[in-house]
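Chains as they are written, first to last, in the working numbering: chain A, 1215 to 1510; chain B, 5 to 357; chain C, 30 to 412.
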Amino acid sequence: MKFEYLLQYILSGLTNGSIYAITAIGFNIIYNTTGIINFAQGEFLMLGGMSAITFSQYFPLPIAILFAVIVTSIVGALIDFTIIRRMKKPTVLNMIIITIGLSILIREIALHVWDEKVRSLPYFTGDETTSINFFGAYIPPQVLWVLGISTLIVVFLGFFFKYTVAGRSMRACSSNITAAKLCGIKTNNMITFSFVLSAAIGAVAGAAISPIAQTQYDCGTSLAIKGFAVAILGGLGNSTGAVIGGLLIGILESLSISILPLAYKDAIAITILLIILFVKPSGLLGKSEISALKEF
Amino acid sequence: MKLKKYYPIFGLILAVIFIQLLVSGIGMQFYLTQLTMSAYYGIVIIGLSILMGYAGQISIGHAAFFAIGGYTTAALTTMNFAALTDVPIVNFLIKTGLTISGMDPYGKKIIYISPWLSLFIAVIITIFIAALIGVPILKLKGHYLAMATLGFGIIIYRIVLGTSIFGEADGISDVPTFKFLFNFKINSDPALRVENYYIAWLIVVISIFILTNLINSRVGRALRSLHGNEEAANSMGVNISRTKLLVFILSAVLASVAGVFMTHFNGGIGPAESGVMRSVRYVAIVAVGGMANLWGTLIMGIILNYLSLRGYFGSYDDAVFGIILIVIMLFAPDGIFKLKYCNNFIKLIKKTS
Amino acid sequence: MNIKRFLSIALSLIVAAVSFSCKKAESGSIKIGAILAVTGPASFLGAPESKTLKMLVDQINVSGGINGKKLELVIKDSGASPAKAISFAKQLIEEEKVFAILGPSTSGETMKIKNICEKAKTILISCAAAEVIVNPVAKYVFKTPQKDSDAVKKIYQTMKKMGISKIGLMCGNTGFGKAGKKQLEKIAKEYGIKILASEVYDKKSTDLTSVLTKIKAKKVQAVVNWSIVPAQAIVAKNMKQLNMNVPLFQSHGFGNIKYARQAGKAGEGIIFPAGRLLIANDLPDSNKQKKLLLDYKRNYEAVYKEDASTFGGHAYDALTILVEGIRRAGTDKEKVRDAIENLKNFPGTGGIFNFSPTDHNGLDINAFTMMTVKNGKFVPYKK
């Protein structure tokens, strides 16, 4: 294989990989606070993308995205206020089922609020034909935007969870909710906050990938499945792991296309994930001792 | 005393006969078509109920087993051997009476393998796959288990969608008639509506019979203990992993058998049957019926599938199932048959009767 | 236990019977059923189709119906699920006793109910593209979308004129993509065209540069993409981003100006075959289709405030063909069937229909014109 083609496969892998990574990060926030996986995370991306597109007809792009983030965050808060908070002693099974239900409901509401048509945001820089030449291979600037935003989010989250009171309280909730309560942490508010935060990050992600992947009312599910897989691959709760896992899967998929027929691409990616799950369930960067402590 | 556990089954048989007489009596026999389809879905659902309710294992990939059964029989019975009679294996099958010859609607001669054989093959394949993935998957818990079963479902969906013998996105149509016992036929002919209805419910009754026995057996007691506390069950000498695997395989086989019969009844199958939404729907119905409540899940399975198949939910079909999941988890995490007023209602009936 | 179960089933039956009991048909009206994928993965087909049917039926009824009889439309949303399509087909035929069934939107569903309609002697006019629907010909089954093979031939003819002989194929994993791929590979030889790469991708793909890299490495002279939204726009964008300067051909599924706008600057220069609906304004006044195309477009856009697409046009054709059959032959199913089979020179949105006992599609290669995108608009392709 010629060098420039090899490079092109890797850069193409980065494009998909960056989408997986930014989706996977969202899963970790709620997981880090509550120990649950929010299966409706993909719908936050869809809502962010869809509302940003709607707002962008009236406002300049940055303001449209800001509004989209606000709208999606409100939805996130509402979900917690109206549903998650009302659950009495939820088990993991119950939470999985209820977030799946939410995901279906949000998707169907979006279908009736908007319609079945595909939309997209304009590229943040340049237009549909712009790409950067990189040693004979090409990469569209939007991918750099997505990667940049993912990195910023990871850095921000790392700082937030380590050094701020709110972030530390959220982590405390995740390790032991009763103990956190005893220490005077308002656990309910922390959970609400985690939903708001992950909805906001989902909305940013949804807006950032919209020019590349385009947005449709049902695009959340397939994104969420890949994102969830990547989150597990990187180690649940580990945002750096999510980015590395996302890029890794993206590049592997892209390279596999060069030799294998494309039709089974997803099947191959998921088979790899299953094998990893069976061998090392805590993921690439996850610590097995920590995952053993989690109550499932 | 021993017969007592079978009373509900007798009740079910009576109800099945009563409904048939009722709808035929008032000239609404076309309701039987959707009742038959719901019955087949009901088999998948009671199988999943055993897995989720009694063994405590979620499976967001159960539609895959339905698809394995349906696609195996569809692919095998739509293969035409008419031109291959010289091939030894085909010749052997014809001689042993395992093939059926006939005409297609356009007058071409066709020879295809007997649906009984394809049913058998489908069950074998299902057991093999379920055992193969069951061993590692059932070691996982919580989100990892959910992801693994979801992943399994997606793999099967992708294979179905990407393989030409499975018809890719179009699925398989023109699946021939399944000649059931005593010359009863399973196919989509509206004239055979009543016999198809009884065949479907016969299979439901058999499945319920098997599962009721299982619940009340030694394995069943192990199952119940398992849902409560694995360590305790382990220490009591119950072989947890083997029991879990057994239940997983059993529920997979039930789904697969339902898939086989449904495919012959419909005369075809499409990739939507193996999709994630379909699996989620099964989970939703099991949750509504109250996980470990065989009869509750069966009733809800029949009612919800019946309403959905008749198109009463219109364009809100998926939304209805989403709302059901949320409402049930919020207000009745043990299923609607465990609600207080529902219990009071039953008590009231018992008193009056 | 028994009582509980019996009560719940009985209750549900009563609820079903009372709250949803089908309205009795007004005497003297004609009931037409439609099975369309209004929601779900094929909603981009089903939604405009159902909107079109509703609009047309209202128009026909306002103007006095057919032969004095009003139309009654029953639309069932199948969500592209074959099991539901089967259930609905039986329901429409046996319970609603519909005169004819329009749809389904996808080939997979149509093939599942083809035999049911044939046995019940109910006219089925499908809005799905695959040629297996009418080949072999079933007596009661018709279809309105143009043939894939004609679209492919049209593309290959254009390629020949342009001097292109080495191409790369990309198809989506939908029924539409599958049928297109089959024809593209089958017909290539006739036109001396070599397919150097042929790839199937997921309809929900978010980025296709890696596939295009594989095709680019084969040094093709043109790329043919056979898919539906949203991949159509993604392919166009990715090609420009990869600096691939070979022409991109799309299928007749590119039939909505929205898709071209989706691709923005990258959409310029895409070449594709389509029915004349998209360029109705540019047609000469002598064209038989022009008036009805403009009427349909104007009405649809006025009622629904969105661009008309060729997909809605398939449903338009299905209904107008049926209506024409009823107008000619009355309300006898057999006679209407015969009338449709003998319909000649009937203008629709897809082309001029000429049915015969061996051709239940009625369209030929002339139904297509090659088009291209110029300044964000569809214009006829000239070379």
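Glycine is no exception: its CB is placed at the ideal position from the N, C-alpha and C atoms.
For clarity, every value in this text was computed on a predicted model and none was experimentally measured.
In whole angstroms, what separates the C-alpha of residue i from that of residue j?
i	j	result
R290(C)	L323(C)	21 Å
I328(B)	V292(B)	7 Å
G379(C)	F117(C)	27 Å
A323(B)	I1323(A)	8 Å
F317(B)	L311(B)	7 Å
N1402(A)	M32(B)	53 Å
G137(C)	L1499(A)	44 Å
A1266(A)	G293(C)	18 Å
K52(C)	L26(B)	Unreliable placement is indicated for K52(C), whose pLDDT of 43 sits below 50; the coordinate value is still reported in the next sentence. Roughly 22 Å between the two C-alpha positions.
I1314(A)	F1295(A)	17 Å
S1232(A)	A1438(A)	14 Å
V280(B)	C1433(A)	14 Å
L225(C)	I244(B)	55 Å
S28(C)	G108(C)	Nothing in the structure corresponds to residue 28(C), since chain C is present only between 30 and 412.
P119(B)	K126(C)	33 Å
S1226(A)	D236(C)	8 Å
Could you spell out the range, first to last residue, of the beta strand (DSSP E) harbouring residue i?
i	result
I115(B)	K113 to I117
E101(C)	L100 to D106
I1297(A)	Where I1297(A) is concerned, there is no enclosing beta strand (DSSP E), given that its DSSP letter is neither H nor E.
C200(C)	K195 to G201
I415(C)	Examination of residue 415(C) is not possible in this model, given that chain C is present from 30 through 412 alone.
V91(B)	From DSSP, V91(B) is part of no beta strand (DSSP E); its letter is neither H nor E.
K172(C)	V170 to K172
M400(C)	T398 to K403
N300(C)	As written in the sequence, residue 300(C) is Ile, which differs from the Asn given in the question. Segment I300 to A303, the beta strand (DSSP E) holding I300(C).
Considering residue i, what are the terminal residues of the alpha helix (DSSP H) in which it resides?
i	result
N1242(A)	F1217 to T1248
S105(B)	Careful: S105(B) lies outside any alpha helix (DSSP H), inside the beta strand (DSSP E) at T103 to M107.
S72(C)	S72 to V91
F7(C)	A query on residue 7(C) cannot be resolved here, the shown segment of chain C reaching from 30 to 412 and no further.
K119(C)	P111 to K119
V258(C)	Neither: V258(C) is in no alpha helix (DSSP H) and is coded neither H nor E.
A1443(A)	C1433 to G1448
Taking C-beta pairs closer than 8 Å, name the residues in chain F that residue i reaches, listed in chain order.
i	result
Y320(B)	This model lacks chain F altogether, as its protein chains are A, B and C.
With a threshold of 6 Å (Cβ to nearest heavy atom), would residue i be considered close to the ligand GTP?
i	result
S1388(A)	Summarising the ligand content, the structure contains no ligands, and the ligand GTP is consequently not present.
Open item on the list: Under 8 Å, with one C-beta from each stretch per pair, do the region 230–238 of chain C and the region 256–271 of chain C reach the 3-pair mark?
Closed with: yes
Task: Continuous alpha helix (DSSP H) assignments of at least 4 residues falling wholly in the region 261–296 of chain C - done: 286–292
Open item on the list: Quick check: the region 128–145 of chain C against the region 60–69 of chain C, are at least 3 beta-carbon pairs closer than 8 Å?
Closed with: yes
Open item on the list: Quick check for students: name the residue ranges of the alpha helix (DSSP H) that lie wholly in the region 146–206 of chain B, counting only runs of 4 or more.
Closed with: 146–166
Task: Continuous alpha helix (DSSP H) assignments of at least 4 residues falling wholly in the region 212–277 of chain B - done: 222–232, 234–239 and 244–270
Task: At least three beta-carbon pairs within less than 8 Å, the region 182–190 of chain C to the region 211–220 of chain C - done: yes
- [ ] Count the C-beta pairs between the region 253–268 of chain B and the region 97–108 of chain C that are closer than 8 Å, then say yes if the count reaches three, no if not.
- [x] no
Task: Contact list for the region 178–201 of chain C against chain B, Cβ threshold 8 Å - done: none
Task: Residues from the region 272–291 of chain B in contact with chain A, defined by Cβ distance under 9 Å - done: V280, M281, V284, V287, A288 and A291
Open item on the list: Output needed in chain order: residues of the region 143–165 of chain B with a Cβ under 9 Å from some Cβ in chain A.
Closed with: K143, L144, K145, G146, H147, Y148, L149, A150, M151, A152, L154, G155, F156, I158, I159, I160, Y161, R162, I163 and L165
Task: Complete alpha helix (DSSP H) runs within the region 1390–1430 of chain A (minimum length 4 residues, chain order) - done: 1391–1396 and 1401–1427
Open item on the list: Any C-beta of chain A within less than 8 Å: which residues of the region 58–84 of chain C qualify?
Closed with: T68, P70, S72, F73 and A76
TODO: For the region 128–161 of chain C, list the alpha helix (DSSP H) runs that are entirely contained and at least 4 residues long, ordered along the chain.
DONE: 136–149
TODO: Could I get the ranges of all uninterrupted beta strand (DSSP E) runs contained in the region 180–241 of chain C, with 3 residues as the minimum, in chain order?
DONE: 195–201 and 223–230
- [ ] Please go through the region 1339–1363 of chain A and give each complete beta strand (DSSP E) segment of 3 or more residues, from N-terminal end onward.
- [x] 1346–1348 and 1351–1353
- [ ] Below 8 Å between beta carbons is the criterion; list the residues of the region 337–368 of chain C that meet it against any residue of chain B, in chain order.
- [x] none
Task: Members of the region 211–242 of chain C that neighbour chain B once the beta carbon cut-off is set at 8 Å - done: V229
Open item on the list: Any C-beta of chain C within less than 8 Å: which residues of the region 168–190 of chain B qualify?
Closed with: G171, E172, A173, D174, G175, S177 and D178
Open item on the list: Across the region 379–395 of chain C and the region 358–366 of chain C, are there enough close Cβ pairs to call them in contact, namely three or more that are closer than 8 Å?
Closed with: no
Open item on the list: So if I threshold CB-CB distances at 8 Å, which residues from the region 191–211 of chain B count as touching chain C?
Closed with: S192, D193 and P194
Task: Contact list for the region 1238–1265 of chain A against chain C, Cβ threshold 8 Å - done: none
Open item on the list: Within 8 Å, do at least three Cβ pairs link the region 388–395 of chain C to the region 167–182 of chain C?
Closed with: yes
Task: Touch test, the region 200–217 of chain C against the region 156–174 of chain B, Cβ-Cβ under 8 Å, three pairs minimum - done: yes
Open item on the list: Please list, in chain order, the residues of the region 1433–1453 of chain A that have any C-beta partner in chain B closer than 8 Å.
Closed with: T1435, I1439, F1442, A1443, I1446 and L1450
TODO: Counting only runs of 4+ residues fully inside the region 282–355 of chain B, write out the alpha helix (DSSP H) ranges in chain order.
DONE: 298–313 and 321–335
- [ ] Could you list the residues in the region 301–314 of chain B with a C-beta less than 9 Å from some C-beta on chain C, going in chain order?
- [x] L302, I303, M304, I306, I307, Y310, L311, S312, L313 and R314
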